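Protein chains in written order, with this note's numbering: chain A, 802 to 1009; chain B, 802 to 1009.
Don't be surprised by glycine CBs; every beta carbon is placed ideally from N, CA and C.
Since we're looking at a predicted model, the values are computed, not measured.
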DNA sequence: GAAAATCTGTGACCAAAATCACAATCCAAT
DNA sequence: ATTGGATTGTGATTTTGGTCACAGATTTTC
């Protein structure tokens, strides 16, 4: 297991120092166009850098979910055990927020698992500190609101795929919308994500 | 077409007057535990009472979505035309927010339609005024954030149903989680919602 | 209240995808 | 390098649910 170390980089005026990882986070958050410099600093202050080895669990079903994760590198899968099968419900790659919201927001034991699918580095945000950010400034509420809008749009699209598309079209959807998954995630997991038998997806791919 | 008129009701101290409809809205929003009295009044001020007859469109694909709707009575369906078929992606009944977020948040033409499935009364919230509320007080941002958390949890559940459940289990899911849909929404539409052929759902129901 | 449109039920048939079984590959760990 | 585990490929078979067709039933509309 080999993980990158943080390297430190100065910004233009040299007053503050951000690591590479922090710059990745900044760029991602800037897309939402909400946080100013000081607010971003406040955000950073509650981010804890963590590393997970492949196959390590970030969240195990039955436990409470205590936060969210911003991926710097690696891959995380969200899955649920159904009839003994691991049904993957989402995958998270770098610059994405790995999340399981049901347990986080309702504070009930999670039915789902978060697992590192490769060696992964990330920032961890504790639920309590997240709620404190929400209290601290309207900007964090706005960021949360916009992030959730984005996530919900994405989830609506997944539902559409599962409801309306045939197996080959589902694979084409992945090729177009999330091509990076094809390299990084085992076909077996992708099949469950698309609601297909492993063999079916294997045959679809063979035809290309 | 027959629609209820607003009747006026006094609250305890008699200082303010709320209509029945406004009380329904208040009760629903109170679940999120965010708005105080004055904030609720601000919210009400941007709500426009509207009526839609059965089969009237609230939003037509190709157009921009300009707001969200809080249902007082009736039923609204969200569907998309796919291969000439109306694929219903959601249903909204009384005390629910009928929404199509993709077009609303990204300001692109909608691929989806919102249609009244029976005579419907509702409050309409204009996008511009909604954004102004977000500017006005952190409470509205918080309300939006919590509502979106709630909606996303629901959408995750739908995805799970489509990904992992067999036809009979999908019907059982409706019976448990949204029993009111079974009475009010035609089986044909429910079938598309569940990703099933109309005939399949008809046979499942016949077995009960 | 008659006609038209919409919605539902049901049988016969078909096809697509799931399941089963096993071999081949790839990968990780010692 | 070798073992063991995980992952993938592929053929044979089965089954589920989709499609087609048409008849009733129910609702809407003029």
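Short CB-CB distance (under 8 Å) between residue i and chain B
| i | result |
| --- | --- |
| residue 902/A | yes |
| residue 986/A | no |
| residue 961/A | yes |
| residue 869/A | no |
| residue 805/A | Only weak support is given to the placement of residue 805/A: the predicted model assigns it a pLDDT of 36, under 50, and the value that follows is read from those uncertain coordinates. Cβ-Cβ to chain B under 8 Å: no for residue 805/A. |
Helix, strand or coil at residue i according to DSSP, with G and I counted as helix
| i | result |
| --- | --- |
| residue 1000/A | helix |
| residue 938/A | coil |
| residue 912/B | coil |
| residue 1038/A | With chain A running from 802 to 1009 in the structure shown, residue 1038/A is simply not present. |
| residue 1005/A | helix |
| residue 824/B | helix |
| residue 984/B | helix |
| residue 810/A | The predicted position of residue 810/A is uncertain, since its pLDDT is 46 and thus under 50; no value can be drawn from it. |
| residue 978/A | helix |
| residue 805/A | Here residue 805/A scores only 36 on pLDDT, less than 50, and its place in the model is too uncertain to base an answer on. |
| residue 819/A | strand |
| residue 907/A | helix |
C-beta neighbour in chain A for residue i, strict 8 Å
| i | result |
| --- | --- |
| residue 821/B | no |
| residue 964/B | yes |
| residue 916/B | no |
| residue 883/B | yes |
| residue 1001/B | no |
| residue 906/B | yes |
| residue 815/B | Low local confidence applies: a pLDDT of 48 at residue 815/B is under 50, so the model's placement there is unreliable, with the coordinate-based value given in what follows. Judged by the 8 Å Cβ criterion, residue 815/B is not in contact with chain A. |
Nearest neighbour of residue i, chosen from the options [CA to CA]
| i | options | result |
| --- | --- | --- |
| residue 962/A | 996/B, 979/B, 930/B, 939/B | 996/B |
| residue 889/B | 857/A, 994/A, 964/A | 964/A |
| residue 825/B | 832/B, 896/B, 855/B, 975/B | 896/B |
| residue 847/B | 823/B, 908/B, 977/B | 823/B |
| residue 839/B | 938/B, 951/B, 972/B | 938/B |
| residue 894/B | 879/B, 908/B, 957/B | 879/B |
| residue 958/B | 984/A, 855/A, 891/A | 891/A |
| residue 831/B | 877/B, 969/B, 943/B | 943/B |
| residue 929/A | 835/A, 836/A, 867/A | 867/A |
| residue 834/B | 976/B, 990/B, 945/B | 945/B |
| residue 856/A | 902/A, 827/A, 986/A, 948/A | 986/A |
| residue 927/B | 1002/B, 837/B, 845/B | 845/B |
| residue 850/B | 969/B, 860/B, 921/B, 861/B | 921/B |
| residue 972/A | 1008/A, 900/A, 941/A | 1008/A |
| residue 903/B | 992/A, 956/A, 858/A, 875/A | 956/A |
| residue 913/A | 932/B, 954/B, 936/B, 901/B | 954/B |
| residue 870/B | 969/B, 886/B, 1000/B, 923/B | 923/B |
Listed by chain order, chain B residues near residue i by CB distance under 7 Å
| i | result |
| --- | --- |
| residue 939/A | 939, 942 |
Within chain A, the residues that residue i reaches when beta carbons sit closer than 7 Å
| i | result |
| --- | --- |
| residue 952/B | 953 |
| residue 946/B | 942, 945, 946, 949 |
| residue 922/B | In chain order: nothing, as chain A lies at least about 26 Å away. |
Listed by chain order, chain B residues near residue i by CB distance under 8 Å
| i | result |
| --- | --- |
| residue 957/A | 890, 902, 903, 956 |
| residue 839/A | Those within 8 Å of residue 839/A in chain B number zero; the least Cβ separation is about 17 Å. |
| residue 996/A | 963, 964, 965 |
heavy atom of the ligand ZN below 7 Å from residue i C-beta
| i | result |
| --- | --- |
| residue 981/A | In terms of ligand content, the structure shown is empty, and the ligand ZN therefore cannot be addressed. |
- Message: Threshold first: 3 residues or longer. Then list the beta strand (DSSP E) segments lying entirely within the stretch 829–905 of chain A, N to C.
- Response: 848–853, 858–860, 868–874, 877–883, 886–893
- Task: Can you check the stretch 915–973 of chain A for any alpha helix (DSSP H) of at least 4 residues that lies completely inside it and give the ranges in chain order?
- Result: 928–937, 939–965
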